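Using this note's numbering, the first residue of the sequence shown is number 335, and each one after it goes up by one.
Have a look at the structure below, then the notes.
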Amino acid sequence: MSNFQLYYTVTYRRARDESKIDWHSDEPPRLLVEVVDALGGYGRAMDIGCGTGVNSVFMAQHGLQVTALDFVPEALRFGIKRAQRSGVKVDFIAADVTKYETADKYDLILDSGCFHGFKDRYRLLYRERLLNWLSDGGQYVLIHFGRRHALGLIGPRSRTREEIEDYFAPELRLENFLSETWGKPLFQYRFRKAGE
Ligand SMILES: C[S@@+](CC[C@H](N)C(=O)[O-])C[C@H]1O[C@@H](n2cnc3c(N)ncnc32)[C@H](O)[C@@H]1O
335 MSNFQLYYTV TYRRARDESK IDWHSDEPPR LLVEVVDALG GYGRAMDIGC
385 GTGVNSVFMA QHGLQVTALD FVPEALRFGI KRAQRSGVKV DFIAADVTKY
435 ETADKYDLIL DSGCFHGFKD RYRLLYRERL LNWLSDGGQY VLIHFGRRHA
485 LGLIGPRSRT REEIEDYFAP ELRLENFLSE TWGKPLFQYR FRKAGE
């Protein structure tokens, strides 16, 4: 297990109450709400690094068929309970996004707080998968926290908007960007894959 995975495992294992987890929010991010509304209850979605599944359950409650992926089983346990409480079906998968393989395609892929922690070699594996999994015309919502972890080793790696945009170009085109503060700087990106 990498230090990165260990950090998340210990955090979720220690958390009796998910609302105490540093990055937890019960509110789905604004750009995600907009996309889900526009999809009108149809489509397949993937939540990469779903954590306790707040956003996965939100998408399922709005009619999407959701796959939620996280490499920490303790996080998924929170998500499974949340889905049960909410009476929705979410397909939770314990896997590392940089290793996971699937032939499935998604109309919406969400990443809230996962990608921004990756070092370069993992970002490349991530990019390949993201582009394979996103359907033509599909949308990618990326939520990027702006603050680094106090130790500077694990938490968000600062990237500018231009760097993020360049990183996914030319296959993905940035269609919307929001900068907000939810206790911490929060950058929201909505990209679209060419093809529609
Ligand atoms: C900052 S948390 C955000 C959780 C959730 N998306 C949210 O917004 O509350 C990042 C999540 O990504 C997961 N994660 C990090 N690297 C991963 C990887 N390589 N594969 C799968 N999940 C990963 C962590 O376990 C953690 O749950």
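Using N, Cα and C, we set each Cβ at its ideal position, and we do this for glycine too.
Bear in mind the structure is a predicted one, so any value in this text is a computation, not a measurement.
Any idea which residues DSSP pairs residue i with across the strands?
i    : result
Q339 : According to DSSP, Q339 bridges with nothing at all.
L565 : Residue numbering for the chain in the displayed model covers 335 to 530; residue 565 lies beyond these limits and cannot be assessed.
D425 : T401
Whole angstroms is fine: what's the gap from residue i's alpha carbon to residue j's?
i    : j    : result
F525 : Y460 : 15 angstroms
G472 : V370 : 12 angstroms
Y523 : D381 : 15 angstroms
K439 : L468 : 6 angstroms
F338 : Y456 : 12 angstroms
I510 : I498 : In the sequence under discussion, the amino acid at residue 510 is Asn, which differs from the Ile named in the question. Roughly 13 angstroms between the two C-alpha positions.
E435 : F502 : 20 angstroms
L458 : G480 : 21 angstroms
A349 : V388 : 15 angstroms
I355 : L410 : 14 angstroms
Here's the rule: buried if 16 or more other CB atoms are within 10 angstroms of the residue's CB, otherwise exposed. What is residue i?
i    : result
T515 : exposed
M335 : exposed
S390 : buried
P279 : Look at the range of the chain in this structure, 335 to 530, and you will see that residue 279 is not part of it.
D500 : exposed
D360 : exposed
A429 : exposed
V344 : exposed
R378 : buried
T401 : buried
L506 : buried
L444 : buried
For ligand 2, I want to know if residue i counts as a neighbour, meaning its beta carbon is within less than 7 angstroms of at least one of the ligand's heavy atoms.
i    : result
D404 : The model on display carries ligand 1 but not ligand 2.
So the beta strand (DSSP E) residue i belongs to, where does it begin and stop?
i    : result
K391 : Lys is not the amino acid found at residue 391; the sequence shown has Val there. Segment 388 to 395 is the alpha helix (DSSP H) holding V391; no beta strand (DSSP E) there.
D445 : 440 to 446
F511 : 506 to 515
D381 : 378 to 382
Does the distance between the C-beta of residue i and the nearest non-hydrogen atom of ligand 1 fall short of 7 angstroms?
i    : result
S446 : yes
H478 : no
A528 : no
T432 : yes
G413 : no
T386 : yes
N389 : yes
A417 : no
A379 : no
Y342 : yes
G383 : yes
A394 : no
P357 : It is worth fixing the name first, because residue 357 is Trp in this sequence and not Pro. Yes, Cβ of W357 sits closer than 7 angstroms to a heavy atom of ligand 1.
Give the range of the alpha helix (DSSP H) segment to which residue i is assigned.
i    : result
P362 : From DSSP, P362 is part of no alpha helix (DSSP H); its letter is neither H nor E.
K527 : Note, K527: premise wrong, no alpha helix (DSSP H); beta strand (DSSP E) at 519 to 527.
F405 : Neither: F405 is in no alpha helix (DSSP H) and is coded neither H nor E.
F452 : Where F452 is concerned, there is no enclosing alpha helix (DSSP H), given that its DSSP letter is neither H nor E.
I543 : Absent from the model: residue 543. The displayed extent of the chain is 335 to 530, so no value can be given.
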